[in-house]
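Counted from 1, the sequence shown has number 1176 at position 25 by the numbering used here; the numbering is strictly sequential. Contents: one structure, followed by commentary.
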Amino acid sequence: MPRILLMLSLLCTTIAHAQVNYGNNKAAGHYLNTRGIKLYYESYGQGEPLILMHINGGSIKLFEQQIPFFAKNYRVIAIDSRAHGKSIDTKDSLSFEMMADDLNALMDSLHLKNANIIGWSDGGITGLVMAMRYPERVKKLIVSGPNLWPDTTAIVPFVFHLMQQTVDSLRQAPPTAENKNTIKVVSLDLLHPHISLRQLHSIKVPTLVIGGDHDAIPTAHLVEIYNNIPNAYLWISPNTSHFVATSRKDEFNRKVTDFLHQPYHKIEGIKILE
């Protein structure tokens, strides 16, 4: 979702772990030259790899409540998606397929056979594409607030129209590098993705679909995603916006930890009574 929503999140998020400058940590930061871009990522902890992918217009910094928590037990790899944060991308085009290919290239460079993935919003879309495009590389998938197509059935009308207004306004502004990049990034959500419900059937890995009951993605759309991934769980956090990972950080971290630790087990409702 757009960077406009990031400003709203600052009203409800208290910055913690200020002693570590996540997203600009020289001790943990690295660049990978791949596919015509410089992809920036930071690595923390040891153990089974856990990849974090952020929201549209965001950066690694948004995961400052997750990185230190999960780095206690996992090798956390947090990524600035292309054209975001410190990842340098001068190309005009941008798509979720390109981002999934970037992630695949990063995993190759780090010699990772597979990894658990947490994707928030656009990061969640990239996670879904990754699980369809490179299924052998995804062990478990957590997606918070993803959408499958770019219209007002998949993004609440207010947010979708706000993105349109943002792009229209920036097209009238001076064509600075920053404005051009913002147009490209926000337009990503106006033009992409195009994932069918049928395509989701190919995702076989255990998947946790997360949303807020006041999310920028309608609950009905999140339920559609959940219903069409064979091995999925659904968690809708009450009284919560698109920013479950920050406004409900403790519960988010706990739910994700439980999901990662436990094998997927589908409960048949009728069998509960037996």
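Think of the CB as a built atom: it goes at the ideal place given N, C-alpha and C, for glycine as much as any other residue.
The segment 1353-1366 in contact with the segment 1383-1403 per 3-pair CB rule at 8 Å: yes
In DSSP terms, what Val1227 is bridged to: Tyr1195 and Leu1201
Top-ranked residue by Cα proximity to Lys1212, from Lys1223, Gly1236, Pro1301 and Gly1174: Gly1174
Alpha-carbon spacing of Arg1284 relative to Pro1219, whole angstroms: 30 Å
Where Lys1291 falls, given that 16 or more other Cβ within 10 Å makes a residue buried: buried
DSSP state of Glu1419 mapped onto helix, strand, coil: coil
DSSP beta-bridge partners of Val1289: Ala1266
Rounded C-alpha distance that separates Ser1338 from Lys1264: 33 Å
Lys1223 to Glu1419 span [Cα, whole Å]: 34 Å
Contacting residues, own chain, Cβ-Cβ under 7 Å from Asn1404 (five flanking each side not counted): Gln1217 and Phe1220
Same chain, Cβ closer than 6 Å to Leu1183, neighbours up to 5 away in sequence not counted: Leu1190, Leu1257 and Ser1260
8 Å Cβ cutoff met for Ile1306 and Ala1367: yes
Limits of the unbroken alpha helix (DSSP H) element including Ala1251: Phe1247 to Ser1260
Length of the line joining the Cα atoms of Ser1244 and Arg1233: 11 Å
Beta-carbon proximity check, Tyr1195 vs Asp1231, cutoff 8 Å: no
Supposed close pair Val1310, His1235 - CB separation, criterion 8 Å: Their Cβ separation, rounded to whole angstroms, is 18 Å, which puts Val1310 and His1235 out of contact at 8 Å.
Helix, strand or coil at Ser1388 [DSSP, three-state]: strand
Selection from Ser1246, Leu1203, Gln1323 and Ala1324 that minimises the alpha carbon distance to Ala1266: Leu1203
Contact set for Val1318: own chain, Cβ-Cβ below 7 Å, skip 5 residues either direction: Ile1334, Val1337, Ser1338 and Leu1341
Boundaries (first-last residue) of the beta strand (DSSP E) holding Ile1361: Thr1358 to Gly1363
N-terminal and C-terminal residue of the alpha helix (DSSP H) that Thr1277 is part of: Asp1273 to Arg1284
Alpha carbon of Ile1206 to alpha carbon of Leu1348, nearest angstrom: 22 Å
N-terminal and C-terminal residue of the alpha helix (DSSP H) that His1372 is part of: Thr1370 to Asn1379
Cβ-based neighbour list, Trp1300, same chain, cut-off 8 Å, excluding 5 preceding and 5 following: Pro1344, His1345 and Ile1346
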